[in-house]
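**Student:** All residue numbers for the sequence shown refer to our numbering, where the first residue is 1 and numbers rise by one. The C-beta atom is built at its ideal place from N, Cα and C for all residues, glycine as well. Below is the structure I would like to discuss, written out as structure tokens.
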Amino acid sequence: MVKGRKDYKKPSIKESVALKRYLAIMNRAAHFFETYFRNRVVYYGTELETIAIYFSATNFMHLCGVKYEKGAASFFDDCLNHHLVLEDMMIKRDGTTFQKLQVLASIDELIGSHVYLTQAGRYLYLEFDYALRTKKQILALTLKDTSLKIVPQSLLDLKRQKSFPTGVPVQCIYAKTFHSDKVEVYYLEENSSLSDFRD
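Encoded structure:
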């Protein structure tokens, strides 16, 4: 049995129709994830600290709020290649799948000048160690510190929530691939130096 399977269910006919509408968004988000996050350590620097987030292809399925019969890595590859099989997808019983998919279209907001880093907090039933959020109440990516590394935890829709922590502005975003020291700069605030944020 798949771990956590009891938290998921087969979608109804109506839910399957809704899922089908999100296929193009999942494809675009997967391409964005491939370009900026997959197999990279992405650094987000503020005036006070820089955190390193480890992203892998298997994170993507969880951020979409689905389970896929063929597994997380296949889900990501199938999203990239337009090969998702709806019949192999399960959605969350608590109804959050469609909330996650709604904000998935805005995932590119996590790279650029309008990103804020928050400290630990609680959002409804979810506890997190950090979160990246958009300046406007659009979305947040919560993060978990596993003591070995910081990893993505959940994608949240902030549009209807007023109580999410504000955080501080991110001034620098850069990445390194897992197997290289080559640095890709995604965002650097004007009049800032990358060396101020290097690990």
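Let me make sure I understand the geometry here. Which of V183, K10, L155, K176 has the alpha-carbon closest to that of E109?
**Tutor:** L155
**Student:** Going straight from the alpha carbon of S193 to that of Y174, what length do you get?
**Tutor:** Straight-line Cα distance between these residues: approximately 12 Å.
**Student:** For V168, which option in H179, K135, Y187, D157 has the closest C-alpha, if you only look at C-alpha atoms?
**Tutor:** K135
**Student:** Based on the DSSP secondary-structure assignment, which residues constitute the bridge partners of F55?
**Tutor:** R40
**Student:** Looking at V66: is its Cβ nearer than 8 Å to the Cβ of T97?
**Tutor:** yes
**Student:** Count the other C-beta atoms from every protein chain shown that fall within 10 angstroms of the C-beta of V103, then say buried if there are 16 or more, exposed otherwise.
**Tutor:** Answer is buried; the Cβ neighbour count reaches 16.
**Student:** If I'm right that Y44 touches V115 with Cβ under 8 Å, what's the distance once you round it to whole angstroms?
**Tutor:** 7 Å
**Student:** Once the 5 residues before and after K162 are set aside, which same chain residues still bring their CB inside 8 Å of it?
**Tutor:** Q137
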